[in-house]
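First to last, the sequence lines map onto chains A and B.
Residue 148 in our numbering is what sits at position 96 of the first sequence, and the numbering runs on without skipping anything.
Residue 14 in our numbering is what sits at position 11 of the second sequence, and the numbering runs on without skipping anything.
Backbone N, C-alpha and C fix where the C-beta goes; we use that ideal spot for every residue, glycine too.
Please read these numbers as outputs of a predicted model, since none were measured by experiment.
Report on the following structure.
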Amino acid sequence: MCPVCQGQTVSESNSNLAIDMRLIIKRKLEEGQSREEILSYFVERYGDTVLASPPVKGINWILWASPLIALFIGVIFIHFYLSRTKEMPRDQASSRKNNTNEDSDIEYKNIIEKELKNLD
Amino acid sequence: MNIVNNFSRLSILAVILFIIALLGYSIFGNNNTIKSSPLIGKVAPNFTLKSFDHQNDIKLEDYKGKVILLNFWSSWCVPCKEEARTLDFAWNKFKDDNVEFIGINIWDNEFQAKSFLNNYNVVYKNGFDPASLVQVDYGVAGVPETYIINTSGLVVEKYSGALDLKIIEYFIKIARLSD
Chain A
53 MCPVCQGQTV
63 SESNSNLAID
73 MRLIIKRKLE
83 EGQSREEILS
93 YFVERYGDTV
103 LASPPVKGIN
113 WILWASPLIA
123 LFIGVIFIHF
133 YLSRTKEMPR
143 DQASSRKNNT
153 NEDSDIEYKN
163 IIEKELKNLD
Chain B
4 MNIVNNFSRL
14 SILAVILFII
24 ALLGYSIFGN
34 NNTIKSSPLI
44 GKVAPNFTLK
54 SFDHQNDIKL
64 EDYKGKVILL
74 NFWSSWCVPC
84 KEEARTLDFA
94 WNKFKDDNVE
104 FIGINIWDNE
114 FQAKSFLNNY
124 NVVYKNGFDP
134 ASLVQVDYGV
144 AGVPETYIIN
154 TSGLVVEKYS
164 GALDLKIIEY
174 FIKIARLSD
């Protein structure tokens with residue numbers, strides 16, 4: 053990755069540093085150096101952040117593990133939420149529904165009575 | 004039921020706090036201008052520069068045994084202009100004290116660089132690398148960047164941004180202590 057232009061690779065970036073790095077990569081390839089040797093050269097000078105994929109070591113494991121951890125927590129959350137919904141007894145569920153219906157009936161009756169009074 | 008509710012809430016809170024912590028680290032964690040460099044503690048990469056006065060090349064190995072302040076700069080860089088007079092002042096203060104200042108001009112053209120040196124009356128050694136290798140060899144990511152090398156040839160510190168006199172004095176002091 054280009055150390056100057058965040059989020060861009062060395063091949064994508066137009067910064068002066070990226071141009072220099074491409075030149076060095078080209079020279080090293082012409083010298084017969086391997087991909088690993090070239091990457092190692094840049095890591096020794098810029099650190100692991102110069103790599104497009106951070107190596108799985110030290111604190112970097114958080115980057116690799118966090119999507120799985122988030123997925124795991126999400127699955128547990130959904131599981132508990134669905135369990136709670138299933139456990140709710142049917143009579144309680146219908147009783148809650150009936151109460152809601154009664155409330156709206158009362159409100160409807162009040163509106164009708166009010167309209168009738170206005171007609172009088 | 005309460006335990007389930009509490010667990011759900013705590014889980015969500017934990018995830019949110021974790022994400023905020025990661026974001027905070029990414030934004031603020033590396034904001035120091037005294038930057039960590041993979042080169043610290045290691046032998047400073049050798050180099051040969053073309054001097055702007057077109058006389059002898061500037062070779063790092065010629066200055067082993069001295070504390071070296073290596074400053075990467077460009078003529079178009081505003082903080083480089085800010086620190087130019089400070090560097091000139093510091094050079095006059097330390098030049099007889101087993102200290103060497105070397106300026107390395109990068110990402111620039113010779114005419115602009117020479118104008119800069121004249122405008123700011125820079126008298127310590129300055130050069131450029133026609134092969135554009137030295138800045139990558141040192142892991143330079145911007146300008147100005149300064150590296151302090153002790154008398155044993157090891158990089159002891161890296162600084163990004165305009166230097167002031169106190170920082171220069173501090174770096175020279177720790178370079179001497181690290182020998």
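Contact belief for residue i with residue j at Cβ below 8 Å, rounded distance in angstroms
i	j	result
GLU64 (chain B)	ASN74 (chain B)	No, GLU64 (chain B) and ASN74 (chain B) are not in contact; Cβ-Cβ is about 18 Å, not under 8 Å.
VAL70 (chain B)	ASN124 (chain B)	Not a contact, Cβ separation roughly 23 Å.
ILE105 (chain B)	GLN138 (chain B)	In fact, because the Cβ distance is near 13 Å, the residues do not count as touching under 8 Å.
SER78 (chain B)	ASP111 (chain B)	5 Å
PRO41 (chain B)	ARG87 (chain A)	Incorrect: roughly 19 Å between the Cβ atoms, too far for contact.
Backbone secondary structure at residue i - three-state DSSP
i	result
VAL102 (chain B)	strand
ASN66 (chain A)	coil
VAL137 (chain B)	helix
ILE109 (chain B)	coil
LEU157 (chain B)	strand
VAL46 (chain B)	strand
GLY126 (chain A)	helix
LYS96 (chain B)	helix
GLN58 (chain A)	coil
VAL108 (chain A)	coil
MET53 (chain A)	coil
ASN124 (chain B)	coil
ASP182 (chain B)	coil
ASP72 (chain A)	helix
TRP79 (chain B)	coil
GLY99 (chain A)	coil
ASP167 (chain B)	coil
ASN35 (chain B)	Here ASN35 (chain B) scores only 41 on pLDDT, less than 50, and its place in the model should not be relied on; the value that follows carries that caveat. The answer is coil: DSSP assigns ASN35 (chain B) none of H, G, I, E or B.
LYS80 (chain A)	helix
VAL143 (chain B)	coil
GLY27 (chain B)	helix
Residues that residue i bridges to, as DSSP identifies them
i	result
GLY149 (chain B)	Just to set this straight, residue 149 (chain B) is Thr in the shown sequence, not Gly. Paired residue(s): B:ASN74, B:TYR162.
PHE131 (chain B)	B:LYS53, B:ASN108
LYS62 (chain B)	B:THR51
Given residue i as reference, the closest of the options once Cα atoms are compared
i	options	result
ASN129 (chain B)	B:ASP60, B:SER163, B:GLY145, B:LYS169	B:ASP60
ALA122 (chain A)	B:VAL18, B:ILE170, B:GLU85, B:LYS176	B:VAL18
ASP72 (chain A)	A:ASP155, A:LEU168, A:CYS54, A:GLN85	A:CYS54
ALA47 (chain B)	B:GLY142, B:ILE175, B:GLY164	B:GLY142
TYR133 (chain A)	B:THR149, B:ASN9, B:LEU26	B:ASN9
TYR150 (chain B)	B:LYS117, B:ILE15, B:SER39	B:SER39
ALA14 (chain B)	A:ASN162, A:SER92, A:GLY84, A:ILE125	The question names Ala, but residue 14 (chain B) is Ser in the sequence shown. Comparing Cα-Cα distances from SER14 (chain B) to each of A:ASN162, A:SER92, A:GLY84, A:ILE125, the minimum goes to A:ILE125.
TYR162 (chain B)	B:LEU72, B:PRO133, B:GLU113	B:LEU72
ILE130 (chain A)	B:GLU172, B:SER11, B:LEU168	B:SER11
LEU157 (chain B)	B:LEU180, B:TRP76, B:LYS45	B:LYS45
ALA134 (chain B)	B:PHE21, B:LEU25, B:LYS53, B:TRP94	B:LYS53
HIS57 (chain B)	B:ARG179, B:ASP132, B:LYS176	B:ASP132
ALA205 (chain B)	B:LEU20, B:SER118, B:ARG179, B:ASP140	Residue 205 (chain B) lies beyond the residue range present for chain B, which begins at 4 and ends at 182; the question has no answer from this structure.
LEU168 (chain B)	B:LEU90, B:SER181, B:ILE107	B:LEU90
LEU115 (chain A)	B:PHE97, B:ILE22, B:GLU103	B:ILE22
ILE177 (chain B)	B:LEU166, B:VAL159, B:ASN101	B:VAL159
TRP76 (chain B)	B:SER155, B:GLN115, B:GLY68, B:LYS67	B:GLN115
ILE43 (chain B)	B:CYS80, B:ASP140, B:GLY164	B:ASP140
LYS62 (chain B)	B:PHE92, B:VAL102, B:THR51	B:THR51
SER188 (chain B)	B:GLY27, B:GLY68, B:GLU113	Shown here, chain B extends from 4 to 182; a query on residue 188 (chain B) therefore has no answer.
Notebook entry, point to check: Pairing CB atoms from the segment 95-104 of chain A with CB atoms from the segment 145-164 of chain B, are three or more of them under 8 Å?
Noted result: no
Checklist line | contact_flag[the segment 63-71 of chain A, the segment 79-88 of chain A] where n(CB pairs < 8 Å) is 3 or more | finding: no
Check: If you pair each beta-carbon of the segment 167-175 of chain B with each one of the segment 107-118 of chain A, do three or more pairs fall below 8 Å?
Finding: no
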